[in-house]
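Number of protein chains: 2
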Amino acid sequence: MKKPKYQLIIDFIKEKIAKGEWAIGSPIPSQRNLAKQFEVNRSTVITALEELMAEGLLEGKAGKETVVTNNTWTLMGAKYSTNWNENVTLGIHKPSVSMVQEINQAESDTNLIQLSKGELSPEMFPLEEMKFIVQKISNQLTSFGYEEPKGNLKLRQAISDYLKVRGIEASPSSILVVSGALQALHLISIGLLKRGSTVLLEMPSYLYSLTVFESAGMELQGLAMDKEGLIIDSIYLTKEKGKNILYTIPTFHNPTGALMQEKRREKLIAYCEREQLPVIEDDVYHDLWIDNPPPKPLKAMDLYGNVLYVGSLSKTLSPGLRIGWIVGSESVINRLADLKMQSDYGSSTLSQLVAAEWLSSNFYDSHLDKVREQLRVRRKVALDALDKYLSPYATWDIPKGGLFIWVKIKPEFKVKRLFEKAFSNNILLNPGSIYAEKTGQFIRISYGYASLDEIKVGIFKLSEIIKIK
Amino acid sequence: MKKPKYQLIIDFIKEKIAKGEWAIGSPIPSQRNLAKQFEVNRSTVITALEELMAEGLLEGKAGKETVVTNNTWTLMGAKYSTNWNENVTLGIHKPSVSMVQEINQAESDTNLIQLSKGELSPEMFPLEEMKFIVQKISNQLTSFGYEEPKGNLKLRQAISDYLKVRGIEASPSSILVVSGALQALHLISIGLLKRGSTVLLEMPSYLYSLTVFESAGMELQGLAMDKEGLIIDSIYLTKEKGKNILYTIPTFHNPTGALMQEKRREKLIAYCEREQLPVIEDDVYHDLWIDNPPPKPLKAMDLYGNVLYVGSLSKTLSPGLRIGWIVGSESVINRLADLKMQSDYGSSTLSQLVAAEWLSSNFYDSHLDKVREQLRVRRKVALDALDKYLSPYATWDIPKGGLFIWVKIKPEFKVKRLFEKAFSNNILLNPGSIYAEKTGQFIRISYGYASLDEIKVGIFKLSEIIKIK
Numbered sequence: 001m002k003k004p005k006y007q008l009i010i011d012f013i014k015e016k017i018a019k020g021e022w023a024i025g026s027p028i029p030s031q032r033n034l035a036k037q038f039e040v041n042r043s044t045v046i047t048a049l050e051e052l053m054a055e056g057l058l059e060g061k062a063g064k065e066t067v068v069t070n071n072t073w074t075l076m077g078a079k080y081s082t083n084w085n086e087n088v089t090l091g092i093h094k095p096s097v098s099m100v101q102e103i104n105q106a107e108s109d110t111n112l113i114q115l116s117k118g119e120l121s122p123e124m125f126p127l128e129e130m131k132f133i134v135q136k137i138s139n140q141l142t143s144f145g146y147e148e149p150k151g152n153l154k155l156r157q158a159i160s161d162y163l164k165v166r167g168i169e170a171s172p173s174s175i176l177v178v179s180g181a182l183q184a185l186h187l188i189s190i191g192l193l194k195r196g197s198t199v200l201l202e203m204p205s206y207l208y209s210l211t212v213f214e215s216a217g218m219e220l221q222g223l224a225m226d227k228e229g230l231i232i233d234s235i236y237l238t239k240e241k242g243k244n245i246l247y248t249i250p251t252f253h254n255p256t257g258a259l260m261q262e263k264r265r266e267k268l269i270a271y272c273e274r275e276q277l278p279v280i281e282d283d284v285y286h287d288l289w290i291d292n293p294p295p296k297p298l299k300a301m302d303l304y305g306n307v308l309y310v311g312s313l314s315k316t317l318s319p320g321l322r323i324g325w326i327v328g329s330e331s332v333i334n335r336l337a338d339l340k341m342q343s344d345y346g347s348s349t350l351s352q353l354v355a356a357e358w359l360s361s362n363f364y365d366s367h368l369d370k371v372r373e374q375l376r377v378r379r380k381v382a383l384d385a386l387d388k389y390l391s392p393y394a395t396w397d398i399p400k401g402g403l404f405i406w407v408k409i410k411p412e413f414k415v416k417r418l419f420e421k422a423f424s425n426n427i428l429l430n431p432g433s434i435y436a437e438k439t440g441q442f443i444r445i446s447y448g449y450a451s452l453d454e455i456k457v458g459i460f461k462l463s464e465i466i467k468i469k
Numbered sequence: 001m002k003k004p005k006y007q008l009i010i011d012f013i014k015e016k017i018a019k020g021e022w023a024i025g026s027p028i029p030s031q032r033n034l035a036k037q038f039e040v041n042r043s044t045v046i047t048a049l050e051e052l053m054a055e056g057l058l059e060g061k062a063g064k065e066t067v068v069t070n071n072t073w074t075l076m077g078a079k080y081s082t083n084w085n086e087n088v089t090l091g092i093h094k095p096s097v098s099m100v101q102e103i104n105q106a107e108s109d110t111n112l113i114q115l116s117k118g119e120l121s122p123e124m125f126p127l128e129e130m131k132f133i134v135q136k137i138s139n140q141l142t143s144f145g146y147e148e149p150k151g152n153l154k155l156r157q158a159i160s161d162y163l164k165v166r167g168i169e170a171s172p173s174s175i176l177v178v179s180g181a182l183q184a185l186h187l188i189s190i191g192l193l194k195r196g197s198t199v200l201l202e203m204p205s206y207l208y209s210l211t212v213f214e215s216a217g218m219e220l221q222g223l224a225m226d227k228e229g230l231i232i233d234s235i236y237l238t239k240e241k242g243k244n245i246l247y248t249i250p251t252f253h254n255p256t257g258a259l260m261q262e263k264r265r266e267k268l269i270a271y272c273e274r275e276q277l278p279v280i281e282d283d284v285y286h287d288l289w290i291d292n293p294p295p296k297p298l299k300a301m302d303l304y305g306n307v308l309y310v311g312s313l314s315k316t317l318s319p320g321l322r323i324g325w326i327v328g329s330e331s332v333i334n335r336l337a338d339l340k341m342q343s344d345y346g347s348s349t350l351s352q353l354v355a356a357e358w359l360s361s362n363f364y365d366s367h368l369d370k371v372r373e374q375l376r377v378r379r380k381v382a383l384d385a386l387d388k389y390l391s392p393y394a395t396w397d398i399p400k401g402g403l404f405i406w407v408k409i410k411p412e413f414k415v416k417r418l419f420e421k422a423f424s425n426n427i428l429l430n431p432g433s434i435y436a437e438k439t440g441q442f443i444r445i446s447y448g449y450a451s452l453d454e455i456k457v458g459i460f461k462l463s464e465i466i467k468i469k
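Read top to bottom, the protein sequences are chains A and B.
Heads up, the first sequence is in full-length UniProt numbering, so the first residue is 1 and it goes up one at a time.
Heads up, the second sequence is in full-length UniProt numbering, so the first residue is 1 and it goes up one at a time.
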């Protein structure tokens, strides 16, 4: 039995849409062209299009083009559904998601000068040591299946030993291995926090550029900052106990580079204990100090298991390993481990073994020494270039560690224009607006990723762009 | 300034609770003992306890013990909040979560005869080949950072080539690398489906023992099965279009082992196209055929991008790699890739490189040949033991592949008792009740994990337990 002609047209269009060749939002060929292609009358084409419109796949208005509006999967709700998108409008800050996505995409463009990437340059990747360690692991390999819910014990032991140096006493049973700090936040957001909770956090903060907490139905409440990070007096608990939580990056804050000194850390911990305010301490930049080791983490001062401590190897060694950790009291870690199992049945055994070897050998320490040396040089190059080229147009503080300089552009220059012009000149930087509404006059410059030449040239070009106003 | 004594008691108790030494629900020492320990009057102890009760950390009733009820983190809502727990009561089937957890925990007990584990035995782990491949990878290593959102291109190309053999044409841009099939389902549930959607699926199904879809606010709707898997006529679309989705394991179904033949697959695909019912095809057992290769996947017959296809290396090579994939139309894969980045910034680079090497070398095929040989032997040993020892008490079908025999115990014997007695005799099996309410008279026996001797002894012991009624 031959199919009727209008059915052939329907099949043809459905296939184009389903295979993504005709993207959602794009116009389909004109009725005349379709009629020609299928050797039918225009009325047959119209019959087909009407059926597709009825199914919700196409939309057409009189006198306008007919466009693709859906495919079967998006009909299920991809465009509308899910916490992930719905909830980004909650909270006090609406992240400019599209700009963040644009930057994320551009970050894989190797033709750009990457002043944006919060990641160590490939130059600093310890390739020979990594080869050696992977080789060593391969020799010691035994058959491996699913790991324990909290992660490979050898790795947890290595993390426990490594954290002792920072003053954190944590037994392996109070450590959960995760696939990086973002997964840590994701698990905490879906596993520990009530919908409608308020996450108090520095303003600006890296976290505003993510949707992890908003996606889980929380609001973000910004806290005022000075050069030492969050100001304790600005904490204002609006809700009943058990519905507030503090997220903080006390060490080499992203994006400002702020470093909280010991005194304030002590006060903050005392405040949080008194108010029973639980804390998520994001400490992924700890090892990237340049001038002096930072004060001990909040977690090291935490007697009551009030702090959930998040760390990672992504900023210091390689994001490709996808290894991070959460440290907390055992009952909380048990719960998060259960959620981790429900999300992905644990992290890669190979990555865990390699990470354990890194942490328990002295490779890691000597790698960090080299990284710090390089970062010192890189920071100097960036600061010198800023002094030389941008000082008429901007101000900044000198970060004591981490990867970022937080540059305030003078109000007479438009940052949005600077970002766009820089982008069209192949320079990628992060505008302050993605970290808070109020910091629209800032840009975040990373000295961690681009080459020394690129840093110089990049900053020079920024000054050229600003000049022409 | 010295702290008042009651404050010392409060600090002491808070620390015990926070460190998890005094678990939630456990009684604290008596007032008399605390008074003795701190050398204070009982009234001082009572002052301290009253404050802790007011803070919600302890609960005490007149004449009863005082017990720990919370710590700061659980006060945040760990016990109550989160989709993950709330929603498991939705849907038609309430999984006996506690039993599943009990089984999961027991699965790491090496003293047990594991007739439960849906995983290949360590005997079948290709250790030498794995060592060789990891070594090879270590030699070829270059510096690695974050991977592309969809995963390492070399791996996606290898998956694309590998799927061609099954009749699936998928370009690398329509493939998303994930950390195993569970993560695939997790991403689909949070990223594509509307809350309140209905997931139609075989009854029984492995999925009832998870909470992945219920946690995202979906209902499960069971479909009748025969020896070929789901019966198309039993599909009943209760909701408007866009709120139903089909989840199916057409090949070596878990737990029943059912295999859908080609004719029914064609009918099913035609039905789903006609009804615009999107399909998640879980095909993780495809390569574990024993007698003959299974028919082509639904995805191979899918012209309209209606099928999201899920695969993994966990069942065939090693779960420790944490590598799986989703294949779908490009716009859907783009969306899921975005979510994957939001959850964990991608899977481990090392695991991806190792997986790519496995799939693109001929190691994988020759490994599978060996696995199939072993599974043939293992299935025979299990079936022989069943014939010899359990035929008076049970019936079963012969699976054509996969890892499981679905055994129906005659109604006069209680499966719950069998499970418990077996457990106390160091034999772990999965009772049918965790896969559906109606299948309480079944048990799932895996011939994939335990040794041949253990399989024999285990099944013999089951018969002994049943006999004594």
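Glycine included, every Cβ here is placed at the ideal spot set by N, Cα and C.
Please read all numbers here as calculations on a predicted model, not as lab measurements.
- Ile323(B) and Met130(B) have their C-alpha atoms some 15 Å from each other.
- Ala48(B) carries a helical assignment under DSSP once its states are collapsed to helix, strand and coil.
- The beta carbons of Tyr435(B) and Tyr208(B) sit about 5 Å from each other, so the pair counts as a contact at 8 Å.
- According to the DSSP assignment, Phe404(B) belongs to no alpha helix (DSSP H) but to the beta strand (DSSP E) extending over Phe404 to Ile409.
- In the displayed model, Asp291(B) falls within coil according to three-state DSSP, outside both helix and strand.
- With distances taken between CA atoms, Leu375(A) lies nearest to Glu119(A) out of Ile168(A), Ala23(A), Glu119(A) and Asp161(A).
- Leu141(B) reaches chain A at Leu127, Met130, Lys131 and Val134, counting residues in chain order whose Cβ is nearer than 7 Å.
- When DSSP states are grouped into helix, strand and coil, Gly180(B) belongs to the coil group.
- Neighbourhood of Lys315(A) in chain B, by CB distance below 7 Å: empty, with the nearest CB roughly 11 Å away.
- For Ala394(A), the CB contacts under 7 Å within the same chain, skipping 5 residues up- and downstream, are Val407, Lys408, Ile409 and Lys410 in chain order.
- Secondary structure note for Glu128(B): its alpha helix (DSSP H) is the uninterrupted segment Leu127 to Gln140.
- Restricting attention to alpha helix (DSSP H) runs no shorter than 4 residues, the region 217-287 of chain A encloses them at 262-274, ordered along the chain.
- Around the Cβ of Lys263(B), a 10 Å sphere holds fewer than 16 other Cβ atoms; the residue is exposed.
- Comparing alpha carbon positions, the residue from Asp384(B), Glu15(B) and Trp325(B) closest to Ile159(B) is Trp325(B).
- In this structure, the beta-carbon distance from Leu428(B) to Gln105(B) does not fall below 7 Å.
- Short of 6 Å from the beta carbon of Pro149(B), and not among the five residues preceding or following it, lie these beta carbons of its own chain, in chain order: Ala337 and Met341.
- Counting C-beta pairs closer than 8 Å gives three or more between the region 247-258 of chain B and the region 385-404 of chain B, which meets the contact rule.
- Chain A has a Cβ within less than 7 Å of the Cβ of Ser351(B).
- Ser312(A) is bridged by DSSP to Gly324(A).
- Unbroken alpha helix (DSSP H) runs of no fewer than 4 residues, entirely contained in the region 146-206 of chain B, are found at 153-164 and 181-191, following chain order.
- A straight-line Cα-Cα distance of about 27 Å links Glu412(B) and Lys380(B).
- When C-beta distances to chain A are compared with 9 Å, the residues of the region 316-333 of chain B below that value are Ser318, Pro319, Gly320, Leu321, Arg322, Ile323, Gly328, Ser329, Glu330, Ser331, Val332 and Ile333, in chain order.
- Distance between Gln37(A) and Glu273(B), taken at the CA atoms: about 25 Å.
- Taking a Cβ-Cβ threshold of 7 Å, the residues of chain B close to Phe144(A) are Ser318 and Gly320, in chain order.
- In the structure shown, Thr66(A) falls within a strand segment according to DSSP collapsed to helix, strand and coil.
- For Trp396(A), no alpha helix (DSSP H) encloses it; the enclosing beta strand (DSSP E) starts and ends at Ala394 to Trp396.
- For Ser446(A), there is no enclosing alpha helix (DSSP H); the enclosing beta strand (DSSP E) has its first and last residue at Phe442 to Ser446.
- Counting only Cβ-Cβ distances below 9 Å, Gly167(B) has no contacts in chain A at all, with the closest Cβ about 16 Å away.
- Its chain contains Leu383 as the residues whose beta carbon lies nearer than 7 Å to that of Ile398(B), once the 5 sequence neighbours on both sides are disregarded; these appear in chain order.
- For Ile459(A), none of the residues of chain B pass the 8 Å Cβ criterion, the least Cβ distance being about 23 Å.
- Under the DSSP assignment, Glu59(B) falls in the beta strand (DSSP E) whose first and last residues are Leu58 to Gly60.
- Counting only residues of its own chain and dropping the five nearest sequence neighbours on each side, Gln221(A) has a CB closer than 6 Å to the CB of Thr198 and Leu200.
- Here DSSP, grouped into helix, strand and coil, assigns Val40(B) to coil.
- In the three-state DSSP reduction, Asn430(A) falls in the strand class (E or B).
- When Leu230(A), Leu462(A) and Ser366(A) are compared, the shortest CA-CA separation from Glu420(A) is found for Leu462(A).
- For Tyr304(A) against Gly320(B), the beta-carbon gap comes to about 36 Å, at or over 8 Å, which does not count as contact.
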